[in-house]
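There are 2 protein chains.
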Amino acid sequence: MSERVVPAADRRRRRPTKAGVVLSEELIVETALRLIEEHGADALSVRRLGRALGADPSSLYRYFRHTDDLLLAVADELIGRTLRTWCPTGDWRADLRDLGLRMHAGALAQPRAAVLSSYRVTGRVHEIQAVEAILGVVRGAGFPDPEAVRIYHAFVDQCLAFGALDSASIAMPKTARAADADVWRATYARLPAATHPHIAATARHLVADMPRSSYPAALDLLLSAAAARLAEIRAGEEG
Amino acid sequence: MSERVVPAADRRRRRPTKAGVVLSEELIVETALRLIEEHGADALSVRRLGRALGADPSSLYRYFRHTDDLLLAVADELIGRTLRTWCPTGDWRADLRDLGLRMHAGALAQPRAAVLSSYRVTGRVHEIQAVEAILGVVRGAGFPDPEAVRIYHAFVDQCLAFGALDSASIAMPKTARAADADVWRATYARLPAATHPHIAATARHLVADMPRSSYPAALDLLLSAAAARLAEIRAGEEG
DNA sequence: TTAACAGGTCAACGATGTTGTCATAAGGTG
DNA sequence: CACCTTATGACAACATCGTTGACCTGTTAA
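Going down the list, the protein sequences come from chains A and B. Each residue of the first sequence is one higher than the last, beginning at 1 in the UniProt record's numbering. Each residue of the second sequence is one higher than the last, beginning at 1 in the UniProt record's numbering.
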């Protein structure tokens, strides 16, 4: 085993499946994405994917070494799609905010791929494009290189981390989600001020705020910290 | 089924396992934590946990409805342990920073529990303690209630999200991790400036920065944004 | 035309979470 | 002390999962 996978470029023989399908890395990734869109993230398994393609599950191992590799390819395709819908305006802060929200939404649709791509480096085309684009925005804003990289890193990781998190929440059966939201009403909002003064004082806001994603707020905090830092840097240069 | 689980308080009959162990929610959670500490997060499965306890796996379903419930209990225990090592000083920013780093480190040790507890509400004792404590710090700093909740929410979620992420990275076999780190050297650092100017310009910093966690940086950005906001609020009150 | 071999298929392995059923010992009651 | 109820542990089974080794066949290059 271990070297069953042939690099995409070297593939010659296009032998059709029993069901008549001609496999390819592209087709597999597309089908995987379709599967997830239609039936949720948990619907993606090697076996189901094989079934959806009309091929034996083990065939996929001729294209991907293991599931992780497949998920990384899916993630990269997703990055590409997100990037294509993004039109930077030249205002760094607005551009980053927009991209962050888009990538977060994209990750929402792809929890497992999002988790993977957040701590793995694919080195694939779309990932590289994204790195180049974001670094361009940050450097264009005026951050010196070491700080630009730090901000790039925090920005990307924050986006992917929240994406993975929020998508897990969305994937819950909605009865369970409702039950969770209710804990804030039924448990937290009922705590007596005597023992839990801070929770009691803010109960109303907790009930309203906690069931929603905090990503937009976290993103804005990150961006405004970056903006403040940029102002410092500019002041330092002038003075 | 569905109602095989008896609330901890109502338990009477302490019938020992074949192996002579007397089960309890407490013992199960402790054993789960030990299992993870000793053999990594992936070592935690119902079956392995049963084996470690000297009990049939299915017995655990008398104590937890499903694996998620067990993980939530583990997460809550972990929150408790973390909280106990934290001694707030009164300086809100330093205290939050310290707690953030501690909780992140705790989550690192418990990836699966961390993910779960980040998007679920347990309503268990330690979680409540943590909410009360953090809200106390934020409100004590002078944030008005709605904003205090927003900052609390972003702070906690970011901490757990990065914790889950970074722990996934740590859990990788170290050969794979080295390979990933090498992508920055072998792929990114080799991209020509002609096609990828920003990556080329910052390659040195990318290689150094990307394999590390960006959580401390992200945390500092969040805290400094919060500090700036607080300054604004104070100025507004005075003016 | 043929021979090599890429690539599809089959069957199997061991692992997972979960549940329906059964057996038994604990503990309240008389 | 004995009895009955029932809480709780054990067993066996199910469906699912990723993965691999061996096999077989159609494509393609010579």
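Cβ atoms here follow ideal geometry from the backbone N, Cα and C, with glycine treated the same way. Computed from a predicted structure; not experimentally measured.
Around the beta carbon of B:Arg185, fewer than 16 other beta carbons sit within 10 angstroms, so the residue counts as exposed. Under the DSSP assignment, B:Leu99 falls in the alpha helix (DSSP H) whose first and last residues are Trp92 to Leu108. Shown here, A:Lys174 sits in a helix according to DSSP, grouped into three states. Using a C-beta cut-off of 8 Å, the segment 123-131 of chain A makes contact with the segment 66-80 of chain A, since at least three inter-stretch Cβ pairs fall below that distance.
Not a single CB atom of chain A sits nearer than 8 Å to the CB of B:His66. For A:Ile233, the closest Cβ of chain B is not nearer than 8 Å. Between B:Tyr119 and A:Ser169, the beta carbon gap of about 4 Å places them in contact (Cβ cut-off 8 Å). Inclusion of B:Phe162 and B:His104 in the CB contact set at 8 Å is warranted, their separation being smaller than that value. Membership of B:Ala194 in any alpha helix (DSSP H) is not indicated, and neither H nor E is assigned to it by DSSP. With respect to the C-alpha of B:Asp98, the residue from B:Arg84, B:Gln110, B:Ala176 and B:Pro111 having the closest C-alpha is B:Arg84.
Residue environment for B:Thr31: buried (at least 16 other C-beta atoms within 10 angstroms of its C-beta). By alpha-carbon distance to B:Thr67, the top candidate from B:Leu53, B:Pro197, B:Arg51 and B:Ser45 is B:Ser45. Judged by beta-carbon spacing, A:Ser167 lies beyond the 8 Å limit of B:His153, meaning their Cβ atoms are not closer than that value. For A:Asp69, the nearest beta carbon of chain B is not closer than 8 Å to its own beta carbon. Short of 6 Å from the beta carbon of B:Met210, and not among the five residues preceding or following it, lie these beta carbons of its own chain, in chain order: Trp184. Across the segment 89-103 of chain A, no CB contact with chain B closer than 7 Å is found for any residue. In this structure, B:Trp86 lies away from B:Ala141, with their beta-carbon atoms at least 8 Å apart. Between A:Gln158 and A:Ala218, the gap from beta carbon to beta carbon is short of 8 Å. Between A:Ala114 and A:Ala164, the C-beta gap is smaller than 8 Å, which places the two residues in contact. When Cβ-Cβ separations below 8 Å define contact, A:Arg14 makes no contact with chain B. Taking a Cβ-Cβ threshold of 8 Å, the residues of chain B close to A:Arg139 are His198, Ala201 and Thr202, in chain order. Our two residues, A:Arg51 and A:Pro197, have alpha carbons roughly 56 Å apart in a direct line.
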